[in-house]
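Let me begin by presenting the structure, written as structure tokens, before commenting on it.
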Amino acid sequence: MCNPTAKRAIDCILCIVALPLAIILIMVSSIFLYIESPGPVIFKQKRLGRDRKYFMMYKIRKFHPDESEFGRGYTLASDTRCTKVGLILEKLKFDELPQLYNILVGDMAIVGPRPITLFFEDEYQSKYDQLFQYRPGIFGPNQILYRNEGQLLSEQDDPEHYYRTILVKDKAERDIKYFSETNCFRQYLLIAKGIYSTIFK
2 MCNPTAKRAI DCILCIVALP LAIILIMVSS IFLYIESPGP VIFKQKRLGR
52 DRKYFMMYKI RKFHPDESEF GRGYTLASDT RCTKVGLILE KLKFDELPQL
102 YNILVGDMAI VGPRPITLFF EDEYQSKYDQ LFQYRPGIFG PNQILYRNEG
152 QLLSEQDDPE HYYRTILVKD KAERDIKYFS ETNCFRQYLL IAKGIYSTIF
202 K
């Protein structure tokens, strides 16, 4: 298990180092997004995090502004709500860059379980308590394993039912096992693995 104090210090250092490049990428992404789909560029949504506390998570908007991002808690492959730029941002994971702010203020970590969308919050009531001992993160084992989750869900007759009955349990149990057993070094290797899977898979 990774020491929380050491992990927090590493997160802050890495965020500060990455911030200049992240700001440039956010600005460029925002310009292209606004050209295609005028409207607010940064999207925020309440999520469930460490100790089951709510926080506002920030992303670059990938949907058209007239589409509700508070609807279903998942995205299908070629989701009609997505802009063309948004699909590219999601593919490259550039839409997650504003979460560096969440990391700096202590809501999130670079590596950790993904924060829980409120759409599926009821599936975690009185279950998976150990999952909420960790700060939610940008990179995690499920982000690599389910790199093409949108395609997987698109192949299901009932995507929501599949997510609730299969993915919630599988993701929670994998995250609990991984983050309770692995050291800091192995956890931060997920950053390299995540970047590799984003580019080459």
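Each position in the sequence shown, counted from 1, maps to that position plus 1 in the numbering used here. Even glycine gets a Cβ: it sits at the ideal position worked out from N, Cα and C. These figures come from a predicted structure and were not determined experimentally.
Q: Run through the stretch 80-116 for me and flag every whole beta strand (DSSP E) of 3 or more residues, listed as ranges in chain order.
A: Those beta strand (DSSP E) runs which fall completely within the stretch 80-116 and span 3+ residues are 110-112.
Q | Reduced DSSP category for Lys54 - H, G, I as helix; E, B as strand; rest coil | A | coil
Q) Taking 8 Å as the CB-CB cut-off, is Gly50 touching chain B? A) Going by chain labels, chain B is absent from the structure shown, which holds only one protein chain.
Q. Which whole runs of the alpha helix (DSSP H) in the stretch 14-67 are 4 residues long or more, in chain order?
A. none
Q) Do the stretch 129-144 and the stretch 29-44 make contact, defined as three or more Cβ pairs closer than 8 Å? A) no
Q.
Could you tell me the alpha carbon to alpha carbon distance between Ile167 and Pro160, rounded to whole angstroms?
A. 10 Å
Q: With DSSP as the reference, label Thr199 as helix, strand or coil.
A: helix
Q | Touching by the beta-carbon criterion (3+ pairs, under 8 Å), the stretch 95-114 and the stretch 71-80 | A | no
**Q.** Sub-8 Å separation of Pro142 and Tyr179 beta-carbons
**A.** yes
Q: Evaluate Gly158 with the Cβ neighbour count: other Cβ atoms within 10 Å of its Cβ, from every protein chain shown; 16 or more gives buried, anything less gives exposed.
A: One point to set straight first is that residue 158 is Asp, not Gly, in the sequence displayed. Exposed, because fewer than 16 other Cβ atoms sit within 10 Å of the Cβ of Asp158.
Q.
I'd like to know whether the C-beta atoms of Val86 and Tyr189 end up nearer to each other than 8 Å.
A. no
Q. Just checking my contact of Glu101 with Leu49 at CB under 8 Å: how many whole Å lie between their CB atoms?
A. A quick correction: the sequence has Leu, not Glu, at residue 101. Contact doesn't hold; Cβ gap of about 20 Å is too wide.
(Q) Give me, in chain order, the residues of the same chain whose beta-carbon lies closer than 7 Å to that of Asp52; leave out the 5 immediate sequence neighbours on both sides. (A) For Asp52, where only same-chain residues beyond five positions count, the Cβ hits under 7 Å are Phe133.
(Q) What would DSSP say about Gly138, mapped onto helix, strand or coil? (A) strand
Q.
Taking only three categories from DSSP, how would you classify Thr255?
A. Absent from the model: residue 255. The displayed extent of the chain is 2 to 202, so no value can be given.
(Q) Classify Ile43: buried if its beta carbon has 16 or more other beta carbons within 10 angstroms, exposed otherwise. (A) exposed
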